[in-house]
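A quick write-up on the structure given underneath.
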Amino acid sequence: MTLYKDYIKEIEERKGQGLHPKPIDSADLLSEIIAQIKDTTNPNRAHCLTFFIYNTLPGTTPAAGAKAAFLKEIILGQEAVAEITPTFAFELLSHMKGGPSIVVLLDLALGTDEAIAKQAAAVLKTQVYLYDADMARIKEAFENGNEVAKDILESYAKAEFFTKLPEVAEEIKVVTFIAGEGDISTDLLSPGNQAHSRSDRELHGKCMITPQAQDEIEALKAQHPDKTVMLIAEKGTMGVGSSRMSGVNNVALWTGKQASPYVPFVNFAPIVAGTNGISPIFLTTVDVTGGIGIDLKNWVKKTDENGAVVRDENGEPILEQVYSVATGTVLTINTKTKKLYNGDQELIDISKAFTPQKMEFIKAGGSYAIVFGKKIQTFAAKTLGIEAPLVYAPSKEVSVDGQGFTAVEKIFNKNAVGTISKKPLHAGSDVRVTVNIVGSQDTTGLMTAQELESMAATVISPIVDGAYQSGCHTASVWDKKAQANIPKLMKFMNEFGLITARDPKGKYHAMTDVIHKVLNDITVDEWAIIIGGDSHTRMSKGVAFGADSGTVALALATGEASMPIPDSVKVTFKGQMASYMDFRDVVHATQAQMLHQYGGENVFQGRIIEVHIGTLTADQAFTFTDWTAEMKAKASICISEDETLIESLEIAKGRIQIMIDKGMDNKNHVLQGLIDKANKRISEIKSGEKPALRPDANAKYYAEVLVDLDLIAEPMIADPDVNNKEVSKRYTHDTIRPLSFYGGDKKVDLGFIGSCMVHKGDMKILAQMLKNIEKQHGKVEFKAPLVVAPPTYNIVDELKAEGDWEVLQKYSGFEFDDAAPKGAARTEYENMLYLERPGCNLCMGNQEKASKGDTVMATSTRLFQGRVVEDSNEKKGESLLSSTPVVVLSTILGRTPSIEEYKLAVDGINLTKFAPSHKLLVG
């Protein structure tokens with residue numbers, strides 16, 4: 005009983021951390037527990053019964069297999085356990101969510117014992133996580149005249165697994181808790197630096213917000229035992245930055261309901277709210293858990309007697325409160341009237357939170373059950389030869405005669421499945437779509453694996469063209485946490501059917517490439533739909549959606565995703581870039597000019613940015629699409645010229661071939677299949693059979709933004725504005741300032757060039773600038789550390805071949821060594837150049853960070869509080885985001901450069917240039 009003894013020892017260690025026993029996923033450990041249950045004289049028997057009943061993970065975990073097999077023995081009378089009757093055994097099977105439990109239930113339902121078969125069938129009628137093999141067994145039995153199978157199918161055809169669930173309560177009482185003022189990043193709910201613990205739900209729950217906030221939530225729950233605590237972003241948006249399933253899990257853990265009495269720390273039905281609503285990507289994750297997301301609109305812009313917006317001395321709109329949601333306020337959500345009340349006083353209409361589809365998610369305990377339920381109902385009706393009755397709310401389908409189609413509308417119509425309308429659909433329609441490319445990253449991948457196990461999925465859907473599991477978020481430090489988690493993750497995903505950054509068999513060199521760059525390379529069709537486990541899944545070919553770990557699992561398992569077709573905002577350009585400007589400045593200026601054009605309203609939020617970029621290859625254009633996450637857009641689409649798209653596909657082919665040459669392809673030849681698809685697409689474009697994707701000239705947009713390149717006179721910097729008197733204005737990505745704002749004297753403590761925002765051109769700019777500086781001054785001397793993390797190994801190899809890596813080596817004081825990766829995070833930096841391993845590095849903030857209180861100038865995407873740099877007791881840490889040349893010069897000078905210094909430093913440098921297309925990019 006070695007494993008059991010080790011488990012007891014671990015339990016004692018967890019007690020010291022205030023934690024309960026860790027849920028069991030090991031079949032070997034559970035087998036030892038079962039052996040002690042069978043021994044009625046065993047002193048550990050009572051504890052073992054508790055572990056078996058209440059602390060074993062369901063789904064397709066190895067432990068679930070052992071548990072289901074033992075329960076089957078009890079039901080068949082092969083084993084007798086006084087505490088687990090056959091009836092109780094069936095109840096336990098009903099909470100195991102598919103996989104081995106479904107196999108056992110089918111064995112029993114299709115067996116020879118009539119009484120047992122009826123009990124098993126009754127349980128099966130409540131289950132939705134069935135896959136092809138399970139359904140094939142039922143179909144075969146039905147065709148062979150099995151009456152139980154027919155009974156099950158008839159129940160499935162009527163969707164009784166859904167219709168017999170309790171209805172959503174008409175009134176839901178909540179008590180408010182203001183989690184923060186301004187936009188609330190998902191880092192507050194699930195910090196990136198605690199990513200290693202995400203799969204241990206109870207442990208990870210300890211990191212939500214602060215211990216003090218957790219105590220306050222517990223006090224509210226004790227004071228209001230009949231109410232749900234509603235987490236609020238006061239004067240901001242809830243859940244910006246990422247989908248962060250672990251963030252929703254944490255909120256549910258502290259404020260939601262336990263999903264099953266036999267599965268610990270898996271809660272559902274959290275309620276969250278924000279003055280400006282919920283970030284779209286985060287709201288999808290809330291839906292996954294059957295939760296509610298509310299747009300409060302409890303603060304509005306103050307207007308004068310003429311209706312004009314009143315502004316402060318900085319030109320910012322002054323807000324005034326419409327109603328209070330101060331912590332401890334008791335409110336009522338009415339799901340019938342779809343209104344929010346304080347007592348009898350109606351506060352606001354919240355009908356967007358209670359659409360027919362969202363009501364179904366709430367009733368079913370999450371969106372997955374609806375997806376699987378619809379699939380089972382369709383299968384059952386088809387098998388019985390009947391038409392499925394209308395049980396679920398019909399999908400909203402919008403089709404406007406005479407109206408053209410935006411790019412995203414065209415993509416969704418191409419990939420739509422199960423639509424009723426014979427006409428193509430417009431924005432606002434609810435659709436199921438096939439997914440072409442799926443990405444899983446390493447800090448959420450363990451949770452995706454858990455979701456796949458809980459869905460009872462064992463192999464990737466054949467619909468998916470390609471899927472990739474990255475190792476980029478844990479690339480910086482190969483510490484004990486990474487060594488414990490990552491090999492296990494890679495093995496699981498490799499066996500599931502993904503291309504993996506690390507080979508479980510060790511046949512190819514471990515890759516830590518930034519996931520978004522790899523997904524951008526393996527997307528070989530601009531008509532593709534991509535789902536990835538990170539908010540920066542924003543490919544410059546196709547349309548890509550960042551998603552929570554569960555939605556990624558659903559896409560992997562079914563090859564489908566469900567969502568409304570979003571509205572689009574069209575972005576075009578005019579004018580000419582100044583010779584000393586970099587494309588990153590155009591990206592930041594787009595956001596600034598949009599906010600100016602629309603009076604401070606972010607028209608990008610929750611919508612598709614259709615950017616008519618035309619002339620930039622996918623590598624360079626990704627700098628724009630990547631930043632659309634910071635613009636709070638739902639996704640983005642690049643409209644390219646034919647020649648540009650062909651060039652991008654040729655680059656992608658070359659990089660995929662390198663992956664094949666390294667031995668990364670699998671038995672299904674997924675990577676070779678992608679090259680074949682790219683060749684086919686190139687042929688279609690060249691022949692004129694199917695030119696590059698274009699929107700229609702008469703397409704309808706929510707808004708249009710025209711970016712004037714002539715107005716961009718100096719580098720543009722995204723500033724967290726950490727000292728803004730209005731707390732809600734801090735740590736947004738909306739404060740875009742020109743370089744001259746800093747007067748050439750703001751101290752910079754550290755520079756970072758890396759993350760998904762940079763491409764090979766940025767690395768070449770760095771090399772060119774260092775050579776120029778040495779030529780001008782006789783040497784290169786850093787007055788602040790400069791950390792450089794190339795996005796991919798392919799880029800490193802290309803830089804080596806072109807001679808630029810040698811230049812970077814010459815000026816570096818540290819270069820990564822894959823043969824001896826760092827075993828601990830760096831805590832101090834010297835004033836020199838660090839060539840770090842490809843990966844996320846400082847941008848992720850889960851392994852290495854700048855020193856507390858530092859001012860960081862970075863090319864990365866994140867400026868949230870505590871992400872790249874934490875506060876010190878003396879000074880707030882701040883991460884300013886800018887172009888590569890600004891970062892380089894800031895570390896050479898140890899301060900922000902003046903505009904004159906900047907122009908001199910980039911003279912003759914081949915910056916990333918952009919010129920608007922002269923072609924009409926419409927169909």
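Residue numbers (the numbering used here): 5 to 927.
We treat Cβ as the ideally placed atom computed from N, Cα and C, and that holds for glycine.
Within 10 angstroms of the beta-carbon of residue 25 lie 16 or more other beta-carbons, which makes it buried. Boundaries of the beta strand (DSSP E) harbouring residue 533: 533-536, taken from the DSSP string.
For residue 431, the three-state secondary structure derived from DSSP is coil. With fewer than 16 neighbouring CB atoms inside 10 Å of its own CB, residue 229 falls in the exposed class. For the options 329, 35, 419, 319, the alpha carbon positioned closest to that of residue 303 is the one of 329.
DSSP lists 535 as the beta-bridge partner residues of residue 549. By DSSP's assignment, residue 299 forms a beta bridge with 278. 896 is the residue among 6, 896, 482, 313 whose C-alpha sits nearest the C-alpha of residue 775.
From the listed residues 233, 716, 55, 635, the smallest Cα separation to residue 735 is found for 635.
Taking the C-beta atoms as reference points, residue 410 is found nearer than 9 Å to residue 574. One Cα belongs to residue 130, the other to residue 560, and the distance between them is close to 24 Å. As a beta-bridge residue in DSSP terms, residue 315 pairs with 321. Apart from the 5 residues on each side of it in sequence, residue 711 sits with its Cβ closer than 6 Å to the Cβ of 577, 594, 597 in its chain, given in chain order. CA-CA distance, residue 136 to residue 632, rounds to 38 Å. In this structure, residue 570 and residue 611 form a Cβ contact; the two beta carbons are roughly 6 Å apart against a cut-off of 8 Å. Shown here for residue 871: same chain residues with a beta carbon closer than 6 Å to its own, the five before and five after excluded, namely 191, 849 in chain order. Distance between residue 146 and residue 421, taken at the CA atoms: about 27 Å. The beta-bridge partner set that DSSP reports for residue 572 consists of 612. In the three-state reduction of the DSSP assignment, residue 564 falls in the strand class, which pools E and B. Taking 8 Å as the upper bound for CB-CB distance, residue 862 and residue 756 are in contact here, some 4 Å apart. Just measuring C-alpha positions, the residue of 153, 99, 663, 798 sitting nearest residue 116 is 153.
In the three-state reduction of the DSSP assignment, residue 271 falls in the strand class.
Residue pairing for residue 472: DSSP places it in a beta bridge opposite 443, 503. Residue 642 has 615 as its beta-bridge partners, per DSSP. The DSSP assignment places complete beta strand (DSSP E) segments of no fewer than 3 residues inside the segment 791-868 at 816-819, 837-839, 859-862, in order along the chain. According to the DSSP assignment, residue 754 belongs to the beta strand (DSSP E) that extends over 754-758.
In terms of Cβ geometry, residue 233 and residue 179 form a close pair [threshold 9 Å]. For residue 35, the three-state secondary structure derived from DSSP is helix.
Excluding five sequence positions before and after residue 663, the CB atoms of its chain that fall closer than 6 Å to its own CB belong to 675, given in chain order. By the neighbour-count criterion, in which a residue is buried when 16 or more other Cβ atoms sit within 10 angstroms of its Cβ, residue 399 is buried. Residue burial is scored here from C-beta neighbours: residue 554 has at least 16 other C-beta atoms within 10 angstroms and is therefore classed as buried. Burial is judged here by how many other beta carbons sit within 10 angstroms of a residue's own beta carbon; residue 673 has fewer than 16 and is exposed.
By the neighbour-count criterion, in which a residue is buried when 16 or more other Cβ atoms sit within 10 angstroms of its Cβ, residue 393 is exposed.
By the criterion of a C-beta distance shorter than 7 Å, residue 462 is surrounded in its chain by 64, once the five residues flanking it on both sides are discounted. Rounded to the nearest whole angstrom, the CA to CA distance from residue 608 to residue 100 is 42 Å. For residue 742, the beta-bridge partners assigned by DSSP are 720.
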